[in-house]
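The structure appears below as structure tokens.
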Ligand SMILES: Cc1cc2nc3c(=O)[nH]c(=O)nc-3n(C[C@H](O)[C@H](O)[C@H](O)COP(=O)(O)OP(=O)(O)OC[C@H]3O[C@@H](n4cnc5c(N)ncnc54)[C@H](O)[C@@H]3O)c2cc1C
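Protein chains in written order, with our numbering: chain A, 1283 to 1600; chain B, 12 to 276.
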């Protein structure tokens, strides 16, 4: 039990980046345990996916045919069976929305200790040490897991993707899926968030977060956006509150934006927000909290009250 | 039908704080209902108002202090609450997913709901796993990261939901009841507790339960996870900071923006 088993993630015909990040994380772990790295891909075009996962450091790719798309009932059963077949020390799954939908079930079924959303991992004998965030990224923690076998879900974009090809064996895994235990059905997909503006096309974004406090106060940032000839976008809570339409949301579940200038106002910089805007050319943050994670990726910062800074900035441009 | 909502009191950390060992010093913490659970409570109460749910029960794992938070759920319309706490949970830095699952499983077995709603994740420990783990332990169906629930479908025994995937794509899924749904923010607009609701909540029951009451012992919540360190992340910031009061800061930022060609019509 020194092997590592990582489960790839895909959607609508494409392996997702997290699959290649899982390989990197798995390779690091396998180097520490001295075991093999197994990667599994379930459902979809497993033949093509299998070839794409024949990466450097991967020993075996298990392909499991079962329908086109992700179904958590199928995944939970198949991953459990793969785990029993491979008997790995560590089972790595993605902390993606799909991962959130099956990884906890797998851990429960197998009676495994489960650490989710980890941003770093190391091994010391049979003890796994996982680095995680708590309190919305305000602190980082180390969790020691004292168990022979552990299930882990990894946060996206924390490990580099890898595309160095290798010579992994590809093996078809025959899973025995109990259809009567498949009681969920995916009936379709839908794109949301279209509409009047496409924030991903904007050169300059004035982006507002929960620091704005009240819907009425939005006028202030609207005025700023006008003065700067910029487009208005926001973090999720503003959209959840119905103050701006979904097409203005930047982030993991919103839009990925890459403007020349991104001005984040009253936005803490939660990982799901940063996922959508870290590719911006120049990032400016205005926030009262000097420790807000947004400053980790900002190029310019103003630690001050937005209700003082924004009016002054508008005045500069009038 | 009966709807059970799992709720958690979470701590938010002030801008400036100090860490004591593997936790944050009490004085820097402010307690509140977990953001995601607030949406779950609202969804349950809406099911009740639509005449689909006969009873909404809130369940929490937390010390007596958490009753304040649970009262919020009651003030918003939940009928009664169950609060599980025990000496065996008292000093634990970290209750892992397995421990929470073991406790909630017993409560669900006692309450026998048709639908369990829980938040996608808790703002403090961020495991994002309890709802799905609980569903699996119970043999219930489930769906994670739900941002729409077709209420009529619930009546017919199948929950038709939308799951919010990454990148503005939603998945449409049907799950058979009984089921656990983990609720994503934005699914509804959580109400504020009315004064009347707050008054009524005072008279609603919050039943305290120990592990023993649920037929569990301390071993059920022992876990292999130990928090060994907590620290403020080393700032990776190499930002240039503008300083000197709002006007001066704005002037410097304005210079930068003009340099970048922003606002130059
Ligand atoms: C599955 C999933 C998907 C998600 N997808 C997204 C997504 O696509 N996009 C997204 O944004 N989030 C997303 N989130 C939510 C994310 O986790 C955070 O909750 C959210 O980004 C927080 O938004 P915020 O920064 O505006 O609010 P907060 O985190 O509450 O931050 C507000 C900030 O404003 C500052 N502030 C307060 N008052 C002032 C003032 N007067 N002047 C200046 N600053 C002030 C505070 O210091 C604080 O830093 C997702 C979460 C989950 C679980």
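Beta carbons: idealized from backbone N, C-alpha and C, even for Gly.
Among the residues of its own chain, which have a CB less than 6 Å from the CB of residue i, if the five just before and after it don't count?
i	result
residue 1349 of chain A	1325
residue 250 of chain B	none
residue 1347 of chain A	1328
residue 1451 of chain A	1342
residue 1572 of chain A	1585
residue 110 of chain B	232, 234
residue 1592 of chain A	1502, 1506
So the beta strand (DSSP E) residue i belongs to, where does it begin and stop?
i	result
residue 153 of chain B	152 to 161
residue 72 of chain B	66 to 72
residue 190 of chain B	190 to 194
residue 1362 of chain A	Counting along the chain, residue 1362 of chain A falls outside any beta strand (DSSP E), though it belongs to the alpha helix (DSSP H) covering 1354 to 1368.
residue 264 of chain B	Residue 264 of chain B -> not in any beta strand (DSSP E); alpha helix (DSSP H) instead, spanning 257 to 270.
residue 1287 of chain A	1286 to 1289
residue 1406 of chain A	1402 to 1406
residue 206 of chain B	No beta strand (DSSP E) holds residue 206 of chain B; the alpha helix (DSSP H) holding it covers 206 to 214.
residue 63 of chain B	First-last for residue 63 of chain B: undefined, no H or E at that position.
residue 1582 of chain A	1582 to 1584
residue 1565 of chain A	1564 to 1568
residue 171 of chain B	169 to 175
residue 1466 of chain A	1466 to 1473
residue 22 of chain B	20 to 24
residue 1374 of chain A	1372 to 1376
residue 250 of chain B	That residue, residue 250 of chain B, is in no beta strand (DSSP E); it is neither H nor E in DSSP.
Only counting the same chain, and skipping five residues up and downstream in sequence, which positions put a Cβ closer than 8 Å to that of residue i?
i	result
residue 1539 of chain A	1481, 1482, 1484, 1487, 1515, 1532, 1558, 1559, 1561, 1562
residue 230 of chain B	none
residue 1316 of chain A	1284
residue 1334 of chain A	1297
residue 101 of chain B	74
Could you tell me how far apart the beta carbons of residue i and residue j are, in whole angstroms, since I believe they sit closer than 8 Å?
i	j	result
residue 319 of chain B	residue 55 of chain B	Chain B is shown only over 12 to 276; residue 319 of chain B falls outside these bounds and no answer can be derived.
residue 1396 of chain A	residue 1357 of chain A	Not a contact, Cβ separation roughly 15 Å.
residue 1351 of chain A	residue 1468 of chain A	6 Å
residue 1355 of chain A	residue 1463 of chain A	6 Å
residue 1245 of chain A	residue 1505 of chain A	Nothing about residue 1245 of chain A can be read from this structure; chain A reaches only from 1283 to 1600.
residue 97 of chain B	residue 222 of chain B	4 Å
residue 1286 of chain A	residue 1311 of chain A	5 Å
residue 1425 of chain A	residue 246 of chain B	Rounded, the Cβ-Cβ distance is 22 Å, inconsistent with contact.
For residue i, I'd like the list of residues in its chain whose CB is within less than 7 Å of its CB, leaving aside the five on either flank, ordered along the chain.
i	result
residue 51 of chain B	16, 128, 129, 130, 194
residue 1525 of chain A	1497, 1500
residue 202 of chain B	53, 87
residue 1576 of chain A	1546, 1549, 1550, 1551, 1567, 1569
residue 156 of chain B	131, 174, 175, 193, 195
residue 108 of chain B	138, 140, 141, 144
residue 1510 of chain A	1486, 1488, 1599
Looking at the secondary structure, which residues open and close the alpha helix (DSSP H) in which residue i lies?
i	result
residue 1592 of chain A	1588 to 1598
residue 39 of chain B	No alpha helix (DSSP H) holds residue 39 of chain B; DSSP gives it neither H nor E.
residue 1416 of chain A	Per DSSP, residue 1416 of chain A belongs to no alpha helix (DSSP H); it is in the beta strand (DSSP E), 1409 to 1416.
residue 79 of chain B	78 to 86
residue 1519 of chain A	1518 to 1522
residue 49 of chain B	46 to 60
residue 242 of chain B	Per DSSP, residue 242 of chain B belongs to no alpha helix (DSSP H); it is in the beta strand (DSSP E), 236 to 242.
residue 1386 of chain A	1379 to 1392
residue 1558 of chain A	1553 to 1559
residue 1544 of chain A	That residue, residue 1544 of chain A, is in no alpha helix (DSSP H); its beta strand (DSSP E) goes 1543 to 1547.
residue 185 of chain B	First-last for residue 185 of chain B: 180 to 187, but that is the beta strand (DSSP E), not the alpha helix (DSSP H).
residue 1579 of chain A	1576 to 1579
Taking 7 Å as the cut-off, does the CB of residue i come closer than this to any heavy atom belonging to ligand 3?
i	result
residue 133 of chain B	Summarising the ligand content, the structure contains ligand 1 and does not contain ligand 3.
For the region 1289 to 1311 of chain A, enumerate the residues whose C-beta is nearer than 9 Å to any C-beta of chain B, in chain order.
1293, 1294, 1298
Residues of the region 188 to 206 of chain B whose Cβ lies closer than 7 Å to any Cβ of chain A, in chain order:
196, 197, 200
Just to confirm the assignment: which complete alpha helix (DSSP H) runs, minimum length 4, are found wholly within the region 96 to 157 of chain B?
98 to 101, 108 to 122, 141 to 149
Of all the residues that make up the region 107 to 118 of chain B, which are near chain A by a beta-carbon distance shorter than 9 Å?
107, 108, 109, 112
For the region 1451 to 1479 of chain A, list every residue whose C-beta sits within 8 Å of some C-beta in chain B, in sequence order.
1465, 1466, 1467, 1468, 1469, 1470, 1471, 1472, 1473, 1474, 1475
Pull out every residue of the region 1414 to 1438 of chain A whose Cβ sits closer than 9 Å to any Cβ of chain B, in chain order.
1414, 1415, 1416, 1417, 1418, 1419, 1420, 1421, 1422, 1423, 1424, 1425, 1426, 1427, 1428, 1429, 1432, 1435, 1438
In the region 1292 to 1348 of chain A, which residue ranges form an unbroken alpha helix (DSSP H) of at least 4 residues, counting only runs that do not cross its ends?
1299 to 1315, 1328 to 1334
Give me the subset of the region 1552 to 1566 of chain A whose CB atoms are less than 8 Å from a CB atom of chain B, sorted by chain position.
1564, 1566
Which ranges does the alpha helix (DSSP H) cover as unbroken runs of at least 4 residues, wholly within the region 1485 to 1512 of chain A, from first to last along the chain?
1500 to 1510
Determine which residues of the region 221 to 255 of chain B have a Cβ less than 9 Å from any Cβ of chain A, and write them out in chain order.
234, 235, 236, 237, 238, 239, 240, 241, 242, 243, 244, 245, 246, 247, 248, 249, 250, 251, 252, 253, 254
Which ranges would you report for the beta strand (DSSP E) in the region 1416 to 1450 of chain A if only whole runs of at least 3 residues count?
1421 to 1428, 1432 to 1436
Positions along the region 123 to 149 of chain B whose CB lies within less than 9 Å of some CB in chain A:
131, 132, 134, 135, 136, 137, 138, 139, 140, 141, 142, 143, 144, 145, 146, 147, 148
Which of the residues in the region 256 to 267 of chain B, read from start to end, lie with their CB under 7 Å from any CB of chain A?
257, 258, 260, 261, 262, 264, 265, 267
Under 8 Å, CB to CB, which of the residues in the region 29 to 59 of chain B have a partner in chain A?
30, 33, 35
Where the region 79 to 105 of chain B meets chain A: residues whose CB sits under 8 Å from a CB there
105
Near-chain B residues of the region 1532 to 1553 of chain A (beta-carbon distance less than 8 Å), N- to C-terminal order:
1534, 1535, 1536, 1537, 1538, 1542, 1543
For the region 172 to 187 of chain B, enumerate the residues whose C-beta is nearer than 8 Å to any C-beta of chain A, in chain order.
173, 174, 175, 176, 177, 178, 179, 180, 181, 182, 183, 184, 185, 186, 187
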